[in-house]
Amino acid sequence: MPMISIRNVNKWYGTHFQALKDCTTSVEPGEVVVVCGPSGSGKSTLIKTINALEPIQGGEIVVDRVEVTSPKTNLPKLRARVGMVFQHFELFPHLRITDNLCLGQQKVLGRSREEAMEKAMRLLDRVGLKDHAEKYPGQLSGGQQQRVAIARALVMDPVCMLFDEPTSALDPEMINEVLDVMVELAKEGMTMMVVTHEMGFARKVAHRVIFMDAGEIVEDAPTEDFFAHPRSERARLFLSKILQH
Amino acid sequence: MSVFSDFDFNIIARSLPYLFREGMTFTLTLTAIATIGGVLLGTLIAMARLSSLPVLPALAASYVNVMRALPLVLVIFLFYFLMPYIGQWILQADRPIQVGALSSTIITFTLFEAAYFSEIMRAGIQSIPRGQVAAGYAIGLTYSQMMRYVVLPQAFRNMLPVIFTQMIVLFQDTSLVYVLSITDFLGAASKVGQRDGRLTEMYLFAAAVYFIISLTASMLVKRLQARIAIAR
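Quick mapping for you: the protein sequence lines, in order, are chains X and D. Under this note's numbering, read the first sequence as residues 199 to 443, first letter to last. Under this note's numbering, read the second sequence as residues 946 to 1177, first letter to last.
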C-alpha cells in the first residue's frame, strides 16, 4: 500500500492552461522521491495537490488511505498529518519560534501547552536551534528559518513530508544546514517527496527521481538509472544544463 | 485696541468641568465604541467581501458602497427616524420600538464606520502573502483558525496606523451628533456659548481643543508607523 498515490491527475488554470497532464505516480512508506524539472514544469503544483493546497479537476490522490480528492474528506485533519515545507519558509512572523511550533499542536491536535512546548523544544534541539526558541522569525537567518519550518512540520508527527524547493530561496552558504536536516530525516525512514534542484541531495538520499516537463511526468526512475541513463531527450538536456558546473 | 478686547475668556474656565466631564466624556466614549465596534464589524464585512462563497461578497460590497455614498449627517437622521421601525420589524412588535438618541448614535456610528474600517481591513488582509495562508492550512488549521491566528493579527498590526488615522477623523465627526441635540464636547461648548451669549469664545476654545487632540494623536500615529516599519 503506497503512502502517497497519485492517479491520472489533471489540473487547469482557467480553461486554457493545463498545469498538470495525466500525472500518475506513487510513494511507498519510507521512500524518498525527488521531483525535478525546468521551472514552470508543474512540479510545485503537483506537490501542492497532495495536501489539497491546489485543487485538481481530474484524477485521484490518496494519502495514507485517505482520499484527498473526495469531498467528504476532512481536509484540515488530513493536512495536519502531512508535513509541508515551503520555498519561502512561511513562518508566522508575528509569533515567537515556540509559538510557531505550538500553534498547530494546540489548535489542531488539541495538545496542552506543556505537551506542545516539550515537543517543540525537542524538535528545535534536533534542528540545532534550541537557543533561538524565544526569538521571532525575522531575527533568524534564512537557513535557520527553514530549519524551524521543518521542525514546525515535524511537531505534528506527520506520516509523510512534502518539500517545495526548500533551498532555492537560500543563500548558498545556508543550503547545507537545511539539506543536512533533510538527510537525517530520510535516514530515519521518513516518507518524503522533495521538489528540488539539488541533484547532490537527490543522488545521496533519493530512492527515485521524477522528472517533469510541461505538466507531464516524463520520467519516473530509480535514482541511479535516472542519472546514468536518462531515457528522454528532455531529461538529458535538463541534466546537462544543471550538472554542467 | 484688539478685536478680542471685549471677549470674555473667563467663561471658559468656569465651564471647564461641564465641557470635559460631560461633553468630552461623551465624545471620547462614542469614538471608542464606534472604533471598536466598527473594526470588529468591518473585519467581518471585509472577510465576507473576500470570501469565495456566492452572494456574500456582493452583499458586503453593496453595504460598503451605500454607506460610503451617503453623508454622515443624513445617516444619523435617517437611522434616528428609522430605527424604531427597524426594531419593530426585528422584534415583530406591535408598535415602533423607542430608541433613544444616544443608542441611536452609537449604533449609527458603528455601522457607518464599519464600512470605512472594512476597506482598511480588506487592504490589510490582502497585504498578507498567500504563502502565509497556505502555511496556515498546511498545519491543519481551518479557515476560521487560519484567519484568527495567522492572517488577522498580521493584517491588524500592519493596518494599525491607518486604523488610528481613521479614528482621528471619527473623533472629529462625532461632533455631528449635535443634530440630535446630544451634548458632546462641541454641543456642550455651544450650549454654554448660547446661554451666555459668548459663542465666539466657546467655538474658538473648542477649535483649539480639537486641534490639539487631533494633532497630538497624528504625531503619535507617525511614531507608531515608524516603529512598525522597523519591526517588519
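Note that beta-carbon positions come from the ideal geometry of N, C-alpha and C, so glycine has one too. Note that this is a predicted model, so its numbers are computed, not measured.
Short Cβ contact (8 Å threshold) for residue i with residue j
i: D:T1053; j: D:F1024; result: yes
i: X:T421; j: X:R434; result: no
i: X:A347; j: X:F287; result: yes
i: X:E396; j: X:T365; result: yes
i: X:A217; j: X:T243; result: yes
i: X:E363; j: X:Q285; result: yes
i: X:P428; j: X:E417; result: yes
i: D:M1092; j: D:M992; result: yes
i: D:V1020; j: D:F1057; result: yes
i: D:A1162; j: D:I1084; result: no
i: D:L995; j: D:I1070; result: yes
i: D:T1087; j: D:I978; result: no
i: X:I202; j: X:M391; result: yes
i: X:L321; j: X:V353; result: yes
i: D:A1134; j: D:F1156; result: no
i: D:V1018; j: D:L1121; result: yes
i: D:L961; j: D:F1130; result: no
i: X:A419; j: X:V407; result: yes
i: D:I981; j: D:A1005; result: no
i: X:F436; j: X:G238; result: no
i: X:T466; j: X:C358; result: In this structure chain X extends from 199 to 443, so residue 466 of chain X is not present and cannot be described.
i: X:L377; j: X:G281; result: no
i: D:M1104; j: D:A1152; result: no
i: X:Q303; j: X:R309; result: yes
Three-state secondary structure (DSSP) of residue i
i: X:M201; result: coil
i: D:T1184; result: Since the first and last residues shown for chain D are 946 and 1177, residue 1184 of chain D lies out of range.
i: D:M1028; result: helix
i: X:N272; result: coil
i: D:P1002; result: helix
i: X:A446; result: The structure shown does not extend to residue 446 of chain X, since chain X is modelled only from 199 through 443, so no value can be given for it.
i: D:G968; result: helix
i: X:Y211; result: strand
i: X:Q342; result: helix
i: X:M150; result: Limits of chain X in this structure are 199 at one end and 443 at the other, which puts residue 150 of chain X out of reach.
i: X:Q216; result: strand
i: D:V1044; result: coil
i: X:D369; result: coil
i: X:L183; result: In this structure chain X extends from 199 to 443, so residue 183 of chain X is not present and cannot be described.
i: X:M388; result: coil
i: D:T980; result: helix
i: X:V325; result: coil
i: X:G302; result: helix
i: D:F1054; result: helix
i: X:T296; result: helix
i: D:N955; result: helix
i: D:S1155; result: According to the sequence provided, residue 1155 of chain D is Tyr. The question's Ser does not apply to it. Residue state, collapsed to three classes: helix.
i: D:Y1061; result: helix
i: X:A331; result: coil
i: D:D1039; result: coil
i: X:L307; result: coil
i: X:N249; result: coil
i: D:I1049; result: For the sequence presented, residue 1049 of chain D should be read as Ser rather than Ile. Note: D:S1049 maps to helix in three-state DSSP.
i: D:I1108; result: helix
Interface residues of chain B facing residue i [CB-CB closer than 7 Å]
i: X:A278; result: Annotation note: the requested chain B is absent from the structure, which comprises protein chains X and D.
Proximal residues to residue i (C-beta, below 7 Å), its chain only, five neighbours per side dropped
i: D:V1044; result: M1028, P1029 and G1032
i: D:I1073; result: V1096, Q1099 and A1100
i: X:P200; result: S224, V225 and E226
i: D:V1166; result: P1106, F1109 and T1110
i: D:D1141; result: I956
i: X:G240; result: A217, L218, M410 and G413
i: X:D369; result: G340
i: D:M969; result: F1130
i: X:M319; result: K328 and A331
Cross-strand partners of residue i (DSSP beta bridge)
i: X:V416; result: Its beta-bridge partners do not exist; DSSP assigns none.
i: X:T258; result: Reading off the sequence, residue 258 of chain X comes out as Glu, not Thr. For X:E258, which the question treats as bridged, DSSP gives the partners X:R205.
i: X:V233; result: X:V393 and X:I408
i: X:C221; result: X:V207
i: X:V264; result: X:V261
i: X:V283; result: X:F361
Cutoff 6 Å; reference residue i; Cβ partners in own chain excluding five residues on either side
i: D:F1116; result: T976
i: D:L1144; result: G1138
i: D:G1132; result: Y1123
i: D:R1075; result: none
i: X:V306; result: A278
Cβ neighbours of residue i in the same chain (closer than 8 Å, five flanking residues each side left out)
i: D:I1127; result: F971, A1046, L1047 and T1050
i: X:E265; result: E258, I259 and T271
i: D:G1081; result: Q1090, M1091, Y1094, V1095 and V1096
*Could you tell me whether the stretch 973-988 of chain D touches the stretch 1055-1069 of chain D, using the rule of 3 or more Cβ pairs below 8 Å?*
yes
*Assess, as a yes-or-no matter, whether the stretch 204-218 of chain X is touched by the stretch 232-248 of chain X under the definition of 3 or more beta carbon pairs within less than 8 Å.*
yes
*asked:* So, does the stretch 314-334 of chain X touch the stretch 286-301 of chain X, judging by three or more C-beta pairs under 8 Å?
replied: yes
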